[in-house]
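Everything below concerns the one structure shown next.
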Amino acid sequence: MAQYLRQVKGFSQGDIVHYIFPIAAYAQFVFVILQGYICEFLGYKYAIIMGAAGRLCTRLCMLYGTEIWHFQLSEICYSMGSAMLIVFGGYIFNLVTKENYQRIIALQQMATLGGHVSAGYVGDILINVFNCDLIVLMYISAISVTSGFLLSFSFPEVSYTKTPSLVKVFRSVKRVYSNPVFLLMLMLWCVLTSVHSLVWGYETSLYDYLKVEQHYVGDYNGVVASSGVLLGALCAMLSNNPWVLAQHMTYPHRSMLLEGAAIGVCIFLMGQPYIATLSIGFILYFGTYTIMNTSFIGHCGRFGASIEDVPSTAPKASNGGGHFAALFTANFLLSQSLQTILTWLIYSQLKLDVRQACLCMSVYIGVSIALAAGAATIIYATRRR
41 MAQYLRQVKG FSQGDIVHYI FPIAAYAQFV FVILQGYICE FLGYKYAIIM GAAGRLCTRL
101 CMLYGTEIWH FQLSEICYSM GSAMLIVFGG YIFNLVTKEN YQRIIALQQM ATLGGHVSAG
161 YVGDILINVF NCDLIVLMYI SAISVTSGFL LSFSFPEVSY TKTPSLVKVF RSVKRVYSNP
221 VFLLMLMLWC VLTSVHSLVW GYETSLYDYL KVEQHYVGDY NGVVASSGVL LGALCAMLSN
281 NPWVLAQHMT YPHRSMLLEG AAIGVCIFLM GQPYIATLSI GFILYFGTYT IMNTSFIGHC
341 GRFGASIEDV PSTAPKASNG GGHFAALFTA NFLLSQSLQT ILTWLIYSQL KLDVRQACLC
401 MSVYIGVSIA LAAGAATIIY ATRRR
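All residue numbers for the sequence shown refer to the numbering used here, where the first residue is 41 and numbers rise by one.
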């Protein structure tokens, strides 16, 4: 994306990093609330269609935009689609039984990441072998997204026996948050997820920055990104492995602390002034983050279903009783709040370059992991008494 904006549209690295990309973080904060409301009170299908339309509008802005505000608008539309992905797990949990939560969410994550993998490899082949222009790839992407938008109209709707009240939805989320085990997991996840969009969204900018700085010939960032996403897709399925699942169920805090520490190290590697360390760090980062995130989403489904007593023996849990959209929305609002503050501080105020930002985020994660480890020790010491 950064290379497309720089080479095809003629924007500087500073314009891209400080004035275009940060808009997504601010816009997603609004759309997460809107999408959560739509899911709970109007229906998941409307939110899915809205998100798919946002991704389509993103491509149109990228293809035909010429001014900075056109691409700021594209970031707003992109955030609309990202918000839909946030609540999509809740949509799945309302259609399957509790025992299948982890397996289905792992398959969904693998399918999503698999699409990114194929796009990255195909894009690099078209550029480096067939000398295709970046704008050709954008047209191909637009056609693919249009197909997804049309397909969204065929999704089944979640049936509600009765539209829930706002008070009932609020109390449902509050009961889940009252569990100290879940609350600490949530805090860890919020910290790790608050940097994810910054790492994933700015990785192309970092590669482009190092490429220019080191006078590197050739562009294989698609292979780097796709390799990371491929490892992520494999790790998504690994989260459903009986041994891995047992570790996350029995020792949830320990598992997340170890994964968080590994994520911090990977981001630190990305902050080094070499394309090799960036590539290794990003690939390992994406795999580690995906297994952590997929496991946590499964925890959300199980905690939400337990609180609401969603029947686990029924062939479908399609009564909407879990209020999963509200839970996912509340989770991401917390994470998005942290991400918005980080974006404002790192890029809008301090105006750090992307390499410095990675070093800053690795320190942020390290301090958070140390505090979470202390909190987990207190929780388990108290429970033993």
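The beta carbon of each residue, even a glycine, is placed where N, CA and C say it ideally should be.
For the pair Pro196 and Lys85, the Cα-to-Cα distance works out to about 7 Å. Ranked by Cα distance from Gln312, the first of Gln396, Cys97, Ala265, Gln287 is Gln396.
Within the same chain, Gly105, Thr106, Phe111 come within 8 Å of Lys49 by CB-CB distance, once the 5 residues on both sides are set aside. Taken through DSSP and simplified to helix, strand or coil, Leu96 comes out as helix.
Residue nearest to Ile320 within the set Ile183, Leu153, Val394, Val264 is Val264 (criterion: CA-CA distance). With a cutoff of 8 Å on beta-carbon distance, Gly338 and Gln142 are scored as near each other. For the options Met102, Gln68, Tyr118, Glu80, the alpha carbon positioned closest to that of Ala92 is the one of Tyr118. Between Phe372 and Ile126, the C-beta gap is smaller than 8 Å, which places the two residues in contact.
With contacts defined as CB atoms closer than 8 Å, Ile88 and Met124 qualify as a contacting pair. With 16 or more other CB atoms across the displayed protein chains lying within 10 angstroms of its CB, Leu228 is buried. If the five residues before and after Phe71 are omitted, its C-beta is found closer than 6 Å to the C-beta atoms of Ser119, Met120, Ala123, all from its own chain and listed in chain order. Just measuring C-alpha positions, the residue of Asn280, Leu385, Val162 sitting nearest Ser266 is Val162.
Within the segment 131-173, complete alpha helix (DSSP H) segments of at least 4 residues are found at 141-168, given in chain order.
Nearest to Ala301 by C-alpha distance, out of Ser402, Ser212, Arg99, is Ser402. Met102 sits in a helix when the DSSP states are folded into three classes. For Leu228, the uninterrupted alpha helix (DSSP H) segment begins and ends at 220-234. A direct Cα-to-Cα measurement between Leu153 and Thr417 gives close to 35 Å. Between His156 and Val269, the C-beta gap is smaller than 8 Å, which places the two residues in contact. For the 8 Å CB-CB criterion, Ile73 and Thr422 do not form a contact. Here Phe222 is buried: its Cβ has 16 or more other Cβ atoms, across all protein chains shown, within 10 Å. Annotation for Phe308: the continuous alpha helix (DSSP H) segment containing it runs 292-310. For the pair of segments examined, the segment 404-416 was found not to touch the segment 322-334: the number of CB pairs separated by less than 8 Å stays below three.
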